[in-house]
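All remarks here apply to the structure that follows.
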């Protein structure tokens, strides 16, 4: 077995408790092999292999909060949370968004007669998304479930920007 080899041993119920089988299996493994009792699809196997390495490869780290990412595009998207950058703009109203998908979903609200199936039982206002109705409903209840980690102020909207 070479470096980075993965050893797979299929054990039947009849020999799973056999001490000699277990010893034989242990002796066949070289120290540099990656051994895991979990099963991963090929798309996630390489990331899992790094967890067994002495120096796991995590190539991209956020300079604001030190969170790490295996893919650069995930780091770039994450950093927008800290900076407030909104590079995607609605072609109809000019509103900015940090993610392309959020912008595309917003643009649908400008359609001729967008369906607004989520209606408030208290005042009858209707909304495009269920999350908008939940946020609106807080105006009736006064609920403020989000708390700032810096000043402890509670708000009805979730704002996760980090200020330094």
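In UniProt numbering, the protein residues as written are 1 to 164.
Don't be surprised by glycine CBs; every beta carbon is placed ideally from N, CA and C.
| Asked | Found |
| --- | --- |
| Would you identify the three-state DSSP class for residue 131, choosing helix, strand or coil? | helix |
| Residue 95 and residue 78 - do their beta-carbons sit closer together than 8 Å? | no |
| Just grab the DSSP bridge partners of residue 96 for me. | 89 |
| According to DSSP, is residue 119 helix, strand or coil? | strand |
| If you draw a straight line from the alpha carbon of residue 88 to that of residue 102, how long is it in whole angstroms? | 9 Å |
| Give the DSSP bridge partners of residue 167, in chain order. | Outside the shown range of the chain (1 to 164) lies residue 167, about which nothing can therefore be said. |
| Would you tell me roughly how many angstroms separate the C-alpha atoms of residue 44 and residue 74, rounded to the nearest one? | 16 Å |
| Using DSSP with H/G/I as helix, E/B as strand and the rest coil, what is residue 103? | helix |
| DSSP puts residue 126 in a beta bridge; with which residues? | 119 |
| Give me the Cβ distance between residue 85 and residue 98, rounded to the nearest whole Å; I'm assuming they're in contact under 8 Å. | 7 Å |
| Beta-carbon within less than 8 Å of residue 122's beta-carbon, same chain only, minus the 5 sequence neighbours each way: which residues are those? | 137, 140 |
| How is the alpha helix (DSSP H) around residue 83 delimited, first residue to last? | 72 to 83 |
| Bridge partners of residue 69, per DSSP? | 60 |
| Find out if the Cβ-Cβ distance for the pair residue 72, residue 82 is shorter than 8 Å. | no |
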